[in-house]
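This report concerns only the one structure given below.
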Amino acid sequence: MVKRFAAVFLTLVSIALTIGCSKEVRYGDPKGVENVSIEFGSTDLQKVAEEMTRSLLVSNLVVEGNRPLITVQDVKNFTSEYIDTRGITDTIRTELSRSGVVRFVVDEAAMEQQISEIERQQNEEYYDQETTAEKGKMVGAGYRLEGSIRSIVKQNKDVKDVYYKVNLQVWDVRTGIMEWSEETEIRKIRD
Amino acid sequence: MKTPLIRLCFSIAMIALLSSCSVFSKKNACPNGDVVFVGDVDDIDVVSVSCVPRDGVLRVIVELLNDSDEERSIAYRFDWYDKDELVIGKEESWKPLFLYPKEVKTLRATAPNWLAVDTKLSIKQ
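Going line by line, the protein sequences match chains A and B. Per this note's numbering, residue 4 is the first one in the first sequence, and the count goes up by one each step. Per this note's numbering, residue 60 is the first one in the second sequence, and the count goes up by one each step.
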């Protein structure tokens, strides 16, 4: 009898705990201001990508109709936190592609897949060689996009202050001339 | 004789007064150049909205005034419209903006492409 009572009691307690701990899940605005934590977040990524894209769009690099070829290189992360810098360049690349003013060629990260695909198509047994991509036809980029993100963190027992600086540049591959550079600053304070 | 002179002086004074106040009205506004406040945004005033097409791309300069005696954090974003008044591209992200008390802050924005001819600024708390 006591055992049975204990079992029922335990079941009721676990049900109550489960109900008590469950939190409602809701959808939010992916473009909304996110200030859950002081770390580099979605709002920062979107702000950086948007400002950089718009700046590049009105730079001398982009003259209507010339559609320069760009390859994307690393944005080096010099902060103390993990930041998916590829997310920044991917968003910039997507935004610029949408505007139609520049074109992107295969970058270092995607090169392996590109070569693999070309080599796969060389298989005469499966592919009509009239339609396949030939080796040696890839086009080299005229420009390369690279950059860095740095932070300065100050903290005492009451306040944490983080300053981010994101810098991007576009370099002419042939001449080595820097054709465009832009900087975005973000400051976040938690008190 | 005195009355017309007094009237003239009064008119001139009124014109001068209105001219000085017009700093706080929209100047060189975009075709619509709307500024929309989403929800209650107290003490944030739009000083001016200017649209300048440069190299074929629309650029917008908006001056915002924090009319309160406290620091304010707001968020803003622009929507861009083509000549048919259709929204261009995907919606922008909300961007945070910090203003000191009584500060006039200038926002500068560039359209996402050459198709934009008009813009709308949304501001929220």
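C-beta: ideal position from N, C-alpha, C; glycine also.
Nearest-angstrom Cα separation, counted from residue j out to residue i
i, j, result
"lysine 183/B", "proline 155/B", "10 Å"
"valine 109/A", "asparagine 125/B", "47 Å"
"glutamate 150/B", "lysine 79/A", "28 Å"
"leucine 158/B", "serine 132/B", "6 Å"
"leucine 99/A", "serine 62/A", "13 Å"
"valine 94/B", "lysine 179/B", "6 Å"
"aspartate 194/A", "alanine 168/B", "30 Å"
"glycine 35/A", "valine 51/A", "15 Å"
"glutamate 162/B", "glutamate 130/B", "9 Å"
"valine 142/A", "methionine 181/A", "21 Å"
"lysine 157/A", "lysine 163/A", "6 Å"
"tyrosine 30/A", "threonine 88/A", "25 Å"
"alanine 112/A", "aspartate 101/B", "48 Å"
"lysine 85/B", "serine 109/B", "Bear in mind that a pLDDT of 41 at lysine 85/B, under 50, signals an unreliable position, so the model cannot answer this."
"threonine 97/A", "glutamate 149/A", "16 Å"
"leucine 15/A", "lysine 26/A", "19 Å"
"alanine 9/A", "valine 28/A", "33 Å"
"aspartate 143/B", "proline 112/B", "17 Å"
"isoleucine 91/A", "lysine 6/A", "59 Å"
"glutamine 49/A", "serine 40/A", "16 Å"
"isoleucine 121/A", "aspartate 114/B", "40 Å"
"glycine 179/A", "glutamate 133/A", "38 Å"
"valine 126/A", "glycine 68/A", "As written in the sequence, residue 126/A is asparagine, which differs from the valine given in the question. So the two alpha carbons sit approximately 38 Å from each other."
"threonine 187/A", "glutamate 53/A", "10 Å"
"arginine 101/A", "aspartate 99/B", "34 Å"
Endpoints, the alpha helix (DSSP H) within which residue i is located
i, result
"serine 152/B", "Segment: none, serine 152/B is in no alpha helix (DSSP H) and carries neither H nor E."
"isoleucine 95/A", "88-102"
"valine 51/A", "45-60"
Exposure label - residue i; buried when at least 16 CB within 10 Å
i, result
"serine 152/B", "buried"
"proline 177/B", "According to the sequence as given, residue 177/B is aspartate; it is not proline. With 16 or more Cβ atoms within 10 Å of its Cβ, aspartate 177/B is classed as buried."
"arginine 136/B", "buried"
"phenylalanine 43/A", "buried"
"glycine 145/A", "buried"
"cysteine 80/B", "Only weak support exists for where cysteine 80/B lies, its pLDDT of 39 falling under 50; the coordinates are left without a value."
"asparagine 172/B", "buried"
"tyrosine 85/A", "exposed"
"valine 146/B", "exposed"
"valine 119/A", "What sits at residue 119/A in the sequence shown is serine, not valine. Exposed."
"arginine 153/A", "exposed"
"serine 83/A", "exposed"
"serine 17/A", "exposed"
"glutamate 115/A", "exposed"
Same chain only: Cβ atoms within 6 Å of residue i, ignoring 5 sequence neighbours per side
i, result
"tyrosine 166/A", "Ile155, Arg190"
"serine 47/A", "Checking the sequence, you will find aspartate at residue 47/A rather than serine. Excluding positions up to five away in sequence, the list reads Ile189."
"methionine 55/A", "Ile95, Leu171, Glu185"
"glutamate 122/B", "Val106, Ser107, Val163, Thr165"
"aspartate 128/B", "Pro160"
"arginine 106/A", "Arg70, Leu72"
"aspartate 141/B", "Ile147, Leu174"
"glutamate 128/A", "none"
"valine 119/B", "Cys110, Ala168, Thr178"
"valine 97/B", "Ser181, Lys183"
"isoleucine 192/A", "Asp164"
"alanine 170/B", "Val116, Leu117, Trp139"
Cutoff 7 Å; reference residue i; Cβ partners in own chain excluding five residues on either side
i, result
"valine 104/A", "Leu60, Val65, Arg70"
"serine 151/A", "Val78, Lys79, Phe81, Asn170"
"leucine 13/A", "none"
"tryptophan 183/A", "Leu59, Ser62, Leu64, Gln172, Val173"
"glutamate 137/A", "none"
"aspartate 161/A", "Asp194"
Close Cβ partners of residue i (< 8 Å) along its chain, the five nearest in sequence each way excluded
i, result
"arginine 147/A", "Ile73, Thr74, Val75, Gln76, Val173, Trp174, Val176"
"alanine 134/B", "Trp153, Lys154, Pro155, Leu156, Ile182, Lys183, Gln184"
"glutamine 124/A", "Tyr130, Thr135, Ala136"
Delimiting residues of the beta strand (DSSP E) encompassing residue i
i, result
"aspartate 143/B", "Unbroken run through aspartate 143/B: none, as it is neither H nor E."
"glutamine 116/A", "Note, glutamine 116/A: premise wrong, no beta strand (DSSP E); alpha helix (DSSP H) at 111-124."
"alanine 175/B", "No beta strand (DSSP E) contains alanine 175/B, which DSSP labels as neither H nor E."
"phenylalanine 81/A", "Looking at the DSSP string, phenylalanine 81/A is not in any beta strand (DSSP E), and its letter there is neither H nor E."
"serine 112/B", "Looking at the sequence provided, one finds proline at residue 112/B rather than serine. 103-113 is the span of the beta strand (DSSP E), which, as asked, contains proline 112/B."
"lysine 164/B", "163-169"
"methionine 238/A", "No answer is possible for residue 238/A: it lies beyond the span of chain A, which begins at 4 and ends at 194."
"lysine 168/A", "163-175"
"glycine 150/A", "146-158"
"glutamate 122/B", "116-125"
"valine 36/A", "Note, valine 36/A: premise wrong, no beta strand (DSSP E); not H, not E."
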